[in-house]
Every structure is written in C-alpha cells, then in structure tokens.
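Structure, as structure tokens:
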Amino acid sequence: MMLYLWLLVLATPLTLAFMIPFGGVVRRRAIDLMPFAAIPALIMALPREQTAVEVADWLLLGSSFGVDQTSQIFLLLTATLWTVAGFYARYYHADDADIHRFAFFFLLTMTGNLGLIVAMDIVTFYASFALMTFSAYGLVVHTRSAKALRAGKVYIVMAVIGEGFLLTGMFMAAYSAGSTQAEFIREGILDSQRSNLIIGCLLAGFGIKAGAIPLHVWLPLAHPVAPTAASAVLSGAMIKAGLLGWITFLPIGEAAMPGWGTLLVVISLIAAFSGVLIGLTQDDPKTLLAYSSISQMGFIATVVAVGLAEPRAWGVAAIGCALYALHHGLIKGALFLGVGVAHETGNDRNRQRLVLIGLTVVAIALAGAPLTTGALAKSALKEGVYIGPEGWSVWLDWLLPVAAIGTTVLMGRFIWLIWRHELGHVEHGQYRGMMIPWIILVGLAFPIVWLAPVWFQVDVSPAVAFEPGNLWTSTWPVLIGAAILGVIWWQIARTPREIAPIRIPAGDVLIPLEWALARIRPPEPDEVVPRPPDPVAALSASWYGLFAEAQQGSRTSRLEGWFLRWDVAGLLFLTIGMVLILFMLWR
Amino acid sequence: MSLAGIWVILIPLICGLAAFAVGGRSARVIGLIGAGLTFLLSGLLVLHVWQSGVWIYQLGGWDVPLGISLRADGLSAFLIGMTGAVGLGISLYAVRYFEDEDEALTPDPSPDPSAPLRTGAGRGGTEVWLPGTSYWPLWMLLWASLNVLFLSNDIFNLYVGLELLTLASVALIILQREQAAIVAGLRYLLAAFLGSMAYLLGVALIYADAGVLDLGLLADAELTGTATQVAGGLMAVGLLLKAALFPLHFWLPAAHSSAPAPVSAALSALVVKGAFYLLIRLWFEVFESAGTVSVEQMIGALGAVAIVVGSFQAIRQARLKLMIAYSTVAQVGYLFIMIPLAGSFGDPEASWRFEAWTGGLYHALSHGFAKASMFLAAGVLLSALGHDRVWHLAGSASRFPVIYLSFGIAGMSLMGLPPSAGFVGKWLMLRSAVESGQWWWVVILLVGGLLTAGYVAIVLSQAIQHDVEEHTEPHPVPKLMTVMVFALAAMSLLLGLRAAEPLELLEIGAPFQTLMSMVED
Amino acid sequence: MDWGFWLPQIMLFSSLIPALVIFLLRDEQFWLRTSLNLGGSAVKLVLAGIMAWGVLAEGRTYEASLPFLHNQELVLRVEPLSLMLVGLSSVLWFITTIYAIGYLENSPNRTRFFGFFSLCVTATIGIALAGNLITFLIFYEMLSVVTYPLVVHRGTPAALAAGRTYLLYTLGGGVLLLLGIIWLQVLAGPVSFEPGGTIDFLLDDHRTELTVIFGLLIAGLGVKAAIVPLHRWLPEAMIAPAPVSALLHAVAVVKAGAYGIVRVVYDVYGLELSNQLNVLLPLALFAGFTIIYGSVRALGEFDLKRRLAYSTVSQVSYIALGTALLGPAATVGATVHLIHQGIMKITLFFCAGVFAEARHIHDIREMSGVGRSMPLTMSAFTLGAFGMIGVPPLAGFVSKWYLGIGSLESNAPWVIVILVASSVMNAAYFLPIVYKGWFGEPHEEIDVVEAERFQVAEAPWSLLGPALATAGISLLAGLLAAWAYSPLSLAEIVANQRMISP
Amino acid sequence: MSEFLIYALVAAALFAICLHGIITRRHILRKILALNMMGSAVFLLLITIAERNQVDGVADPVPHAMVLTGIVVAVSATAFALALARRYHAQTGHTELHDEDGST
C-alpha cells in the first residue's frame, strides 16, 4: 500500500508531464494542475513516523522507496518549494507562448527531484537524479537567449561529467556492497579496497550539483538565466540533491575519514567565503543569489565535512544539515521569487514597499539574525560542529560567523540592487498571481523551519537558538555586517560613486578555462573528415577495376592469349606428360 | 530394377536413333520421352545401388576377364544420378530453347540483324538448317555415352565411351553452324583426340603389364611395374587435357561459350566430369600402388593455379558465357585438389583420404547443378536481350529476377557458401586438408572461394545497378526455361541442406573400404 | 505431434516461406505481399511467445536434429540464450516490416527487397537457434549473402561500391570462421553448444592450436560484430535504405557476430578453458579499444547515419567486452545488451530514416529545429539517444550497470574507465543532435513555407509508429528491468546456466 | 634386343613423331592425319603385346579385339574430323588452324 503511495508521489507530476505533448484540452488541464503536482509529496512529507522501506521488485533493478528523518525534511522542503513555484510559474508564464514546454520540463524535473528523495537505493536515486539533471536543461535554456544557451551548454557539460563520476563511484560501491540499497552501499564503500576512490567520485559527482568549488562554475550561469520560478527550485531544492546524495550514500558517521573531512572543510570554507566575495561584485541580483547559494552550501558542506572526520558528530550534524537545508531552500526560494515579484511592481509604491519589506525579512533571515530561521539553522549546525574533531570547532567557531558577516553585507547589496535597479523592471501584468505565492512562502518559511524540529521530534530542539551563546553568535555578525553596510551607505550618500569597482564575471574560473579550450580545440570541420585508407575496400575496388578495365578494352590478357595458342598448349601437354611420367617413375 | 543399368545406356541410345530417324518436329517429342525415361532409370539405378549395394552385370553372360562387365558402385550411381537430374533439366530447357531458335529461323532464313552471332544460319539456299532437329539425337548420344563411361568396368571400353562422348560433344557445339563454334569445335575435337590417344597408349601399356582390362582385376593386381607407371603418366595427362585442367584448358573457354546454351550447360556440368571421373577411377583403383605423392602434388598444384588464373580470367571477360566458361576452368581446379588430399600423402590408413574423396565428388555434384543453371541463365539472357555482354546487363535484374536469383544461388554453391552443395564439398575437402596437415591446400581452397565471389558478385551487382539507359523491350522468354534455370540452382542448394544420404551413397563400393569405418564425421 | 521437434523448424519456415512466395510476386501486388509479410512475422511472433512460455515457464527445451553430413547434424535448439535473439528478431522483424512497408511505398524492386528482407530474418533466426557450430556457420554465411542485395538495393554506383566492400569483409570473415571451425572439429569432432563448453579435454595436447583457433573464430565473428580493425564495412553499408540499416545494425548482422562471440566463449570454449588459455584479455582489450575508437570516430562524423554507424561499432563491442570479462554480472550485461542495444539502435535508425524520408535531412547540421515540426519522431530519437548514453531508466543503463559491476567482479577495473568514457562520449555525440533537434532554430533553406515551419507535420504512422514502439520498448525494458519477464531476467537465467554448470 | 622391344620402340617413335606433328603443323589435315597415325602407333603396340602374351602359341586375342574396335572408332572419328575441317574451310576459307581463332 505504502509503495503505491510513494509511486503516486512520482506518478502525479510524471503523468501531468506526459499529458502536455497531447496538446489541446489535455495540455491546458495539465498546465492548470501543475501547481498541485507536488501535493502528494507534501502529504507524504507530513507523517511524524517514518514507515518501513518499500520495495518494488519489478521496477528498474529492484527499487525501494521510503524516507528517514533527514530525507523527510528534504521532502518537506522540496514539495513545499515546488508547489509554491508551481503556482508562481503558472502566472509568471501566463503570457508565455512556450508555457507548455516550461511546464513539461518543470514537471519532469520535479519528478526527478522528488524521486531522488524518496529513493532508498542507488539506482532509483541515480535514475531520478539523471531525470532531474537532464530535464532541468530545458528550464535553463527556456528563454533561448544567447546567455541561456551558453549557460545551458556549461550546465550540460558539467552535468555529464558529474554523471561520469557518479557512475564510476556507483559501480564500485554497488559491487563492493553486493546490493543497491543505500544502507548496504554505505557499508560497501567502507569495505571496498577502493573506498577512497569511491568517496572521491561520489563527492565530486554530487559536488557538481551542490555547487562545491571548483565544480560550481555552471551554477552562477544557469541559476540566474532560468525563468524565476525555475531559478527558485534550482537554487532552493535541486541544489540540495547533491547534498542529499552525499548524506545518503557516503559512509558519514560510520567511520572516521579525517583526510576527506579536511579536504571538504577547506573546500567548503573557500566556497563560503568566495561565494560571498564574488557575489558582491555582481550586478544581477539573481547571479548574486546564485553565488550566495554557493556560499551557503559551503556552510552546510562544512558540517558534512565534520561528519566525515568525526563519526560521533554526525547524528546531530545530519539534523543540522537537514534543518539548514530546509531553511536555506525556503529562504533562497523566497528571495528568487521575490526578484520576479519586484519586477512586476510597476510604479506602485505600495507594491514596491511590500516587496522590499518582504525581501528584507528573508534577507535578514538568510544572514542568520536572531529569531529568524537562519538563527535556528545556524545553531543547529553548530551543535554538530561542537562535537566535531579536536581543534576544528575553534576555527569554525570564528570562521562561520565571519562568513555570516559576509552574507549580511551580500544581502545588503542584494536589497540595494533590487531597490535601485530591479523594481518594476519588467512587467507581465501578473503581479497578484505571483505575489500571493511569494508572500505565502515568506510567511510559511518561518513557521515551517521553527516547527519542523518539533514536529519530527529530532534531536535538535528549536530552543538551541535561544541559548545565550547562540543568541550572541547570531547577533554580532549581523550587527557588524549592518555596520559595514551603514558605513558604505554613508559613503555613497556623501559622494555617489561605484562602490564595487571590480567585476568578476559570472562563472569566474570558467572564463579562463573557456578561453583556453577555445584555443586548443580545432575548428569544426565544414565537410567530411578524411578517413584513413581501408585496405579491404581498396582491394575490392581494385578487383572491380580489373573488371571495369577489361570491359572497356582488352578481353583476354596477353599471358592467357599465349596459353590459348595451339603450339604452346601442345608443348605444355608434352611437358606435363613428361613430368608426370618422370614423377611416376621416380619414387 | 536390376537391369536399370543396361537401360540407362540403351534408352537414350534408342531414343537418339529414333529421333534421328524420324527427324523434324517429332524428334523433340522422342528426345523428351528419352530424357524422361533416362532420368527415371537413373533414379532406379541409384535406388538399386542404394539398397542392394554394388551392381555388376556381365555383358552377354561372359565372365571377366574374357567378357566385359558393367559395374555401378556408389560413385557411378552418384554421377549417373547427377547426370540424370541435370540432363532432365537441360532437356526441358532445350525444348523451349530450340523451339524458339527454330521458329526464329524457319520463316525468314536471312540472318537476324539483332543477333549478329548467328551469321552462319540459313546458309544453303532453300534448305533451312534447324539446330533443334539435330539436337535431340546428339544429346541422347551424349547422355548415353556419359552413362557408358560411368558404368564401364573395362579400361578399353572406357576409351570407347570417351571417344563417343567427344564426338557427341563436338557435334553439339557446332550445332548452330556459326563460325566461332566451328573453330572452337575443331580445336576441341583435335585436343580431345590427342587426350584420347594418350589414354589409349596408357591402356596398351597397362595391358602389357597386367594382361587384363577389368578395373576390378586391375585394382586387385596392385600394379607397380614401369609400364604401369608410364601408363599412369600418360593417362593422367590425357585426361587432364580432356578435363581442361590448367594449363591444358586452351580449348575449353571457346568451346563452352560458343555452343548453344543447353549444350554449354551439358559440356560444363557433365562432360568435363566424365574425364575427371575416369581419372579418379583409375587413380584410386588402378594406380593406387603406383601413384606417387609428387605426381599428386603436382596435379593439385595445377588445380590451385587453375583456381587463381581461371577466376582472374573470368572477371576479365566481356561476355557472360565466357566468364562462366572460365569459371569452369577455375572450378575444375578444385576437383583436382582432391587428388593430393585423397592420395598417398601421409598415413595411408588415415580417414582424411576418404573425406577428400567424398568432398571432391560432392564438389563435382554441386558444380554440375550450379554450372548448368548458370549457363542456362546466360542462355535466357542472351535470347532475351540479344547479347550477353556483362557491362551492358545494368538494370536487367528487375526484369529477370528469377534468373539472377538462380545465378546468385548457383554462385553461392560455386563459392562454397553454406547452405549449398558446394559448401559440403568444400567443408569435407578443407577438413581433409587440415587433418592431413596440408595447409597449402587450405589456403587455396579458402582464397578460391573469395575469388569466385569476385566474379559472381560483379555480375549480380552489374545487374542490380540502377538502369541509366533506355532499353528496348526484351524478347519474351518461355517460362519453362526460367523455371529450369531456377530448378537446377535450387538443386545445388538443396543438396547442401541434406548431404547425409548422397554421401552415404558414395561409400558404397568406394576404394577406401578400410578407411570408412574410421571416419568420424 | 512432437512440438519440440517441429517448433524450431516452423520458426524458420515462418519467414522462409513468405520470402520464397514473395519472390514470385510482382511489385504491384501490394496487398498479397504485405499480408504475407505481416502474416509471417505475426506467426513468428506468436511462436516466439509460445517458445518463451515453454522455456521460461515450463523449463522445456525444443530441439530438432536433422541429418546433414556423416555424423554431423544440423541442430536447432531453443534455450534461454537462443530465445533472446529469437525474441529480439521476431519483435523487431514485425516492427521493421511495418516500417519498411511505409518506407518503400512506390519505390522500385519492392519484391526483391522484401524477399531478401525475410530471408535475412530467416538467417538470423537460424543463427539464434543454432545448436552447434556447423549450423551456426551455415546461417551465418547465409546472412552475409542475403544481406548483400539489401545493401546494394538502391543500385547506385556508391551503393554497389559499398556492397563490394561489405561482401569482401563478410566473406573474408566467413573464411576465417570456416577455417577455425573446421580445425576445431578436426581436433574435437562435432562441436555443439553446451553451456560450459565441451572441448576442455584438448587443453593438454593442443594448447597452441586452441589459442589460434580461438583467434580465427573471433576474427571471423569480429567482422560482423565490427570490432576494430574489422569494422570498416559498417559505416559504408549505411548507403542502404533505412529499414535495412535499422535491421542490420540492431538485429541481424552485427548481432550475429556478437552472438557468435558469446556462443564461442561460453558454449564452445567455456569459462574454464577460456581462462586457462588467456585469450580473453586480448579480446577484452580489442573490444575496449573498439568502444573508444568508435565513439571518437562518431564525434567526427556529421552524416547522421554514419554517426549512428560508428556508434553501433562502439556499442556492439560492449557485448564482446562483457563476454570477455566472463563474470556472472558481466555475462548478464553482455547478453542483455544484445537485446537492449538492438531496440535502442533500431529506434535511432528508424528516426534517421524518417528524417531522411520526410525532410530530406541526412546531415546533423541540417537538423536544427526538426523537433518542432516532428516532436514525436524527435522524442523517440531522444529516448534512443539517452538510452545509448546509458541514462536510467532506459535500457542502456541496465546493460551498462551490469557490465560495470561485472568488470569489478572480474577484477578488471580499467573497464569502468572505458564504460564511463564511452558514456561521456556518447553524450558528446548524441546530445548535440538532441539539442539541435529540440532547441535549434529551423534552417532557412528547408523548403517549407514559413508558416508551416512550426507546424507539426509528422511522418505517416507506418513510419512513426515503429519508431515510437521501439522507443517505448527501450524505456520499458529499462524501467521494468527487474520484472520476471524482462530481458534482464532472461539474461540472468542465461548467465546462471553458464556460471553454475561445470 | 628382343623382337618385342623393337616393335615397341617403333610404336613409341611413331607416337612421338605424330605428337610432334600435331603440335607443330598448322594445316588441319596434317593434324588429323597425325592423330590417325598416333592411333596406329598404339595399335602397333597392342599387336606387339598380343604377340608377347601368346599362350600355347596362340596370340592373345584381347588386343586384337581392341585394335579392331579401335580402328572402328578411329575411322569414325577421322571421318567426323574431316567433315568438320571441310566446313571450317567452307566458312573461313582457311585450311590452317589459326591461334587468333582460339583467342576470344
């Protein structure tokens, strides 16, 4: 019974997606129902008790479905965000002639995203992951602008490389495990002789999706160019797929892997800081948000790294990860959707004010100000860090708040950009339709994040956010960030000028790489490539040539003509006769 | 039933004489009846040998060595059966073929401008020469002499059969009185007589050594004397000339290609086998003790060269019939590779000798059907299109699908591709070569198949080629002719699907009695 | 009536008889020919179903022995491995027949085409059912011959030149195979296909010979399986009409080679012997190189069918590779790829044919925007392409998965590098096509009125339907891989037979 | 040197001369005659053999029978060859066998 419910979760968006190609009324109905596609998933995310894993022994290589505590939180996030984005997109694309195409890819991507959360075996996970990855391409290039196509190209190349890493890792893991079930996979990785190789492959493969540096290059290109609703799910929900992959399949919490932990923590901290720094140089608020996502994923990855290095910490850290993911997903979704709403305000002051207030609230939450979702998420994260390896907490205790300062400044710049450049920028005349889902998301984000730990009875209670230490650590970075913003504000107010003179193009390290690739790659040939000679074909051609030549001119070769002469033949007769007789006699 | 062996000689002879005596259109009817009866009798004889083993008949009741005996063992029955089947096919084809020819000639004796090859026709003023009338007596004579050859158990009697065969063949070649045919016929006649003389001298020498002529007695005598050895060389070279083994093939291409199609078919499919049959009969019975490895290897080497040269020449021919004639030169080479394989190389008790023997004969069988079909196909094309120039066959595949299909099937058999009778022959010969370690023959047998594919495929691809020119409507071809072309080709295929029984037939009275029990598969 | 004896023969005759009758028809006799074709393929389909039921559900084997040479029989046997190829060819013959009827409508020489087409299927079925080496050889060579008229069907000089190359390659391969078989039979007597092999007893005395014979057999089969450097005929043969290319690549010719390799390794030499002779590593290396080389060449081709052809070169070697790895999972991967590759590649060729027929598109660079006017065709193509890349849940992934696991089982991790590299390169040469089709801007030159360019204008259903059907099957084969009657389950039975028996 | 050997050598010499003739002479009639004589050489040998093989003073009858039959065959063959040669002459005007005729 449960199995069919899980399948229903996937079948709903999938069915709607495949109604679209039929056109006509069927297509219109499917588009109308698009926002409700994730509702079954949302319902399945609500029960407090997790049911046993269900196996569909006829599907793929034997699929199993179910959720554990961590993935249920991911499911909650994903279903919520897709639902909101679905409503939003319904209006955002109301005048779009290609809405059916958007809806098709949107629903397929949704199927994949939900599938990978409810999958409990690596094949189903990978299948869903692939579905999500390849369908999202359609979302990225939806506008068909040159920018979108370039982003799409980078996206798909990176995605294919990621698939390659995953496939390699999966083969080895599944072989060692002798099973495809997630729990056995984790053990299998530890048992394998090549466990380091497997971990490396999986880290890299999922890292591409999670935007881990230096595999993030596609992210700042692809997330902003997608239609806003798609950006929201890309940055809010799909980016978490990579994280979930790590959590589900890496043997975190089962053995200490200090080497990998150290590597990941370094990478994550670089991401956390560089995401902020590069983000600050961006002019496009959506690109800025994409870099912010890289930075935020760096925060979460830090805790994953802690888990890798210190198994004891993982029990708590995993919850921290999940809660942070929930927080970041909802908030980032709200920020992205807010950009779109800001565009729709027109010159209506009230609307503009509402949008700015809403965006500021979520921006502060992202910065982690006290009483916000960010504060809770950060406190939950820290719970894990504290139990982490010897000596790490000292550094992380300082570095994470410093990064939070950066986030505060970054959000300040974001609000600034919206305020100065984006309000009423484009107009579809769908303000209301887009604003309502957005407001609901903003409104729901807080209670969801605060209530989730209580509802799911996780080991981390919301109360941690109110512990004095945590209260203070969530306050001072925001205050310092606000102070910096104040100084900048004051500076600009005095002498209006460009505050960030450096512009790092989106995609940062990709740019030199692209340049180098363009140099080494030979130009695409216009005509057929010369083929190496084929001896057999040459032989058959020359044989045919023999025939063709004979047909044009001479009939019988001179040698053969000689054989046909009577005297020659007579002489040969004589010779052969003599030789035969001689041979007969000579034995 | 036990007298089928006699009647299989007498019936064609009687019918031939009757057809000659009656003449005119009725000759055809008599000939056809003769062909049908001979076919049935051949079948009966095969059945008889199959059921009761070797059949021996003392002519006039005189015992050997005084009397002359007829003997049919598996080998004879095998070849008589083949002759019967191919002969019937050719006869049915010939009915319509010569009817067509004669009709074309009767109303207007002046040469048909569209058929320049027929320049000799209609000479002699009012008297019109109708090849169809003369065809039947001669064809019956040819058939009878073939059967004589296969059944005689006496080396001198075999000489007579051989000469009869030559006379009938040459007469058939010049049937249409065309200049090319007369030249070719004359050359053939002289060459064949030369061969016969060498053979006859051999007979004299053997008689000098053994004092008997009966094959069975000669085999028992295990002759090794000098006279026998010289006789072996002489008979071999004479028969090689008659079988047109390279480089003694000079007479064959012209003779086989300038004859009317049913005659070409009979010559290439059957007559060449007559000389071959005689050679292996002698070689493995009379000269078993006197034969040497070097002679056998030399004959095999000539066969190998024949395969290569024949195939290369075949592809260079502008006319289809000449191409097929050269193909016969090449295929004859295959037959003679059997001699070193089944001969005295290596262990005399080895089972591969019997395998090679059956393989070579099976190849002869497949070649008989396939080559007959090919020549008859060429005849159809020649009479429909008015020419048989390979280069100008483009596009004719869509107009004569069955003809080319048959040509392709026959070609498959010649190449030795499964499933065809040719494959069975090649398989057995290859096995024998591998087993005996004579790798050089393996190479030539395999390469030969590819070379054969070379010219067969070119004819077919030429025919399939998209038609670029506008062609005049082809002369209509009687259906029966097409059917016979196909039937013969189909036989060469079917015999490859079920070879167990024919192969078993070959075992009856075979010269390798001691080896047969050792053959494993 | 002894069904075990007659069923395999009826299976053969169900396409042989239509072939022979069709040869007697005229081009204009459309209905008679079509009903013969469809009737024959339907009968074959039903028989394949009966056989599958008998073999899988009731554990029966059907066997027919016909006398052939002295002690040598022709054996037709239905067991799980043969069932795989039988099933594949029955299903795909049926579908391809429909496609071919639509494709060749009003073109000349239809009688010849359909006649040889049915013969081609007969030969394939014969290869599938062959129970010993000589039976296999017979049908294998028959296949070479009967596909030739199909390759040169168009009769253009280019087609004829391609046909000559094809013939020389396949006949040359046949010669090597023949020699190998004869040599082996001289040493071992009649060799029949038994899981585990039957010639172990020769190891002590004939080690070198066995190795050389293995080389001969594999080289002979490798020509049809298009293993580098014997692959060159395959891209050339692309000159043939689309249904021929489709059937040639998916079912008949290349599969015959690959299936032969599976048979030789598992059922003639057997696990033990192959291992002890150390012949499998070279085979695996050749196959691995072919996979990479084919992909690299495919990247350089811009003619759609040629690119697909090189893709086939690459993909078919998966089967040889899996066979050479010789582990249980690799065996499953190799054998299931027999089916999966067939279904996916035939989809791609169907689509390529539709593009060529309906839009005169032969070059990849002309494909821009074709997805807008032919969304269904392009969808089928996309499914095929993704399957080839190995994206789950399509069939290609399942084979790749088992091959990957198998390579580790057999302690050959380098194979994983090849598999992944091949996947990435598959993506590199298929995704641009998919991209162009769906997202590219339609070409100006296309001779369609401006207004019609975005109009949906699919090819007729007789062309489209088969493509969609095979695309659907390739999706289902992957999606329901674990189902008890999926190709995968069949492959597992095949592998079990070969792993357990001594 | 026995009588037998003399006759045998004469037969061999005759055979060789005829062989030479048939190879080198181009006139058709000469070729036919050479063939005819060749037969005679063999007949001579056969008669010699019959003489050598005599039993109780009676010559072996079998070679005689062979010779008689052989003569019949030779007569018919020669007659046929002559007729053919005549037709050849009538159609081509030649009396010699040209090699160009053989080549095609």
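Protein chains in written order, with our numbering: chain H, 128 to 714; chain R, 36 to 556; chain P, 834 to 1335; chain U, 2 to 105. Don't be surprised by glycine CBs; every beta carbon is placed ideally from N, CA and C.
Residue-chain proximity (residue i, chain H), Cβ-Cβ < 9 Å
i, result
"T980(P)", "no"
"L1(U)", "In the structure displayed, chain U extends from 2 to 105; residue 1(U) sits before or after that span and is not available."
"L98(U)", "yes"
"L24(U)", "One detail in the question is off: residue 24(U) reads as Ile in this sequence, not Leu. It does; some Cβ of chain H falls within 9 Å."
"V330(R)", "yes"
"R351(R)", "yes"
"H422(R)", "no"
"V130(R)", "no"
C-beta neighbour in chain R for residue i, strict 9 Å
i, result
"A144(H)", "no"
"R847(P)", "Correcting the residue identity first, residue 847(P) is Ser in this sequence and not Arg. Answer no: the Cβ-Cβ gap between S847(P) and chain R never drops below 9 Å."
"M711(H)", "yes"
"I817(P)", "With chain P represented from 834 up to 1335, any question about residue 817(P) goes unanswered, as that position is not in the structure."
Cβ separation of residue i and residue j, assumed to be a contact under 8 Å, to the nearest whole Å
i, j, result
"A164(H)", "L234(H)", "6 Å"
"W595(R)", "G335(R)", "Because chain R here runs from 36 to 556, residue 595(R) falls outside it and cannot be looked at."
"V984(P)", "V1077(P)", "7 Å"
"I1032(P)", "L1113(P)", "That belief does not hold up - the Cβ atoms of I1032(P) and L1113(P) are roughly 16 Å apart, past 8 Å."
Close Cβ partners of residue i (< 7 Å) along its chain, the five nearest in sequence each way excluded
i, result
"A413(R)", "A296, L355, K356, I359 and D423"
"G109(R)", "V84, L540, L541, E542, I543, G544 and A545"
"V443(H)", "E510, G511, I514, D586 and V587"
CB contact below 9 Å: residue i versus chain U
i, result
"F674(H)", "no"
"G155(R)", "Model confidence at G155(R) stands at a pLDDT of 41, short of 50, so the residue's coordinates are unreliable and nothing is read from them."
Closer than 9 Å to chain P by CB, residue i
i, result
"V459(R)", "yes"
Own chain partners of residue i with C-beta closer than 8 Å, once the 5 adjacent residues on each side are dropped
i, result
"P64(U)", "L47, I48, I50, A51 and N54"
"L276(H)", "V268"
Sequence-distant residues of its chain with Cβ nearer than 6 Å to residue i (five each side left out)
i, result
"Q423(H)", "H455"
"A300(R)", "I125, A407, F410 and L411"
"G533(H)", "V403"
"G220(R)", "V205, I208 and I209"
Inter-stretch contact at 8 Å, needing at least 3 Cβ pairs: the segment 369 to 387 of chain R / the segment 82 to 93 of chain R: With the rule of 3 Cβ pairs closer than 8 Å, the segment 369 to 387 of chain R does not count as touching the segment 82 to 93 of chain R.
Residues, ordered as in the chain, of the segment 254 to 269 of chain R that lie near chain H by beta-carbon distance below 8 Å: Within the segment 254 to 269 of chain R, the residues whose Cβ lies closer than 8 Å to some Cβ of chain H are T261, Q264, V265, G267, G268 and L269, listed in chain order.
Stretch pair the segment 244 to 260 of chain H + the segment 1222 to 1233 of chain P: three plus CB contacts closer than 8 Å: The segment 244 to 260 of chain H makes contact with the segment 1222 to 1233 of chain P: 3 or more CB pairs, one atom from each, lie closer than 8 Å.
Contacting positions in the segment 216 to 229 of chain R - beta carbon closer than 9 Å to chain U: Within the segment 216 to 229 of chain R, the residues whose Cβ lies closer than 9 Å to some Cβ of chain U are I217, V218, A219, G220, L221, R222, L224, L225, F228 and L229, listed in chain order.
Touching by the beta-carbon criterion (3+ pairs, under 8 Å), the segment 288 to 296 of chain H and the segment 1251 to 1260 of chain P: In short, these stretches touch, since the Cβ pair count reaches three.
Segment contact flag, the segment 475 to 494 of chain H with the segment 552 to 571 of chain H, C-beta cutoff 8 Å, min 3 pairs: They touch, by the three-pair rule.
Within 7 Å of chain U by C-beta, residues of the segment 683 to 708 of chain H in sequence order: So the close ones are T683, G688, L691, R692, W693, D694, G697, L698 and L701.
Contact between the segment 309 to 316 of chain H and the segment 279 to 287 of chain H (3+ Cβ pairs under 8 Å): The answer is no - the segment 279 to 287 of chain H does not touch the segment 309 to 316 of chain H, with fewer than three Cβ pairs under 8 Å.
Inter-stretch contact at 8 Å, needing at least 3 Cβ pairs: the segment 1228 to 1248 of chain P / the segment 1156 to 1174 of chain P: Flag = yes, the segment 1228 to 1248 of chain P and the segment 1156 to 1174 of chain P touch.
Members of the segment 78 to 91 of chain U that neighbour chain R once the beta carbon cut-off is set at 8 Å: Those would be A78, F81, A82, L85, A86, R88 and Y89, in chain order.
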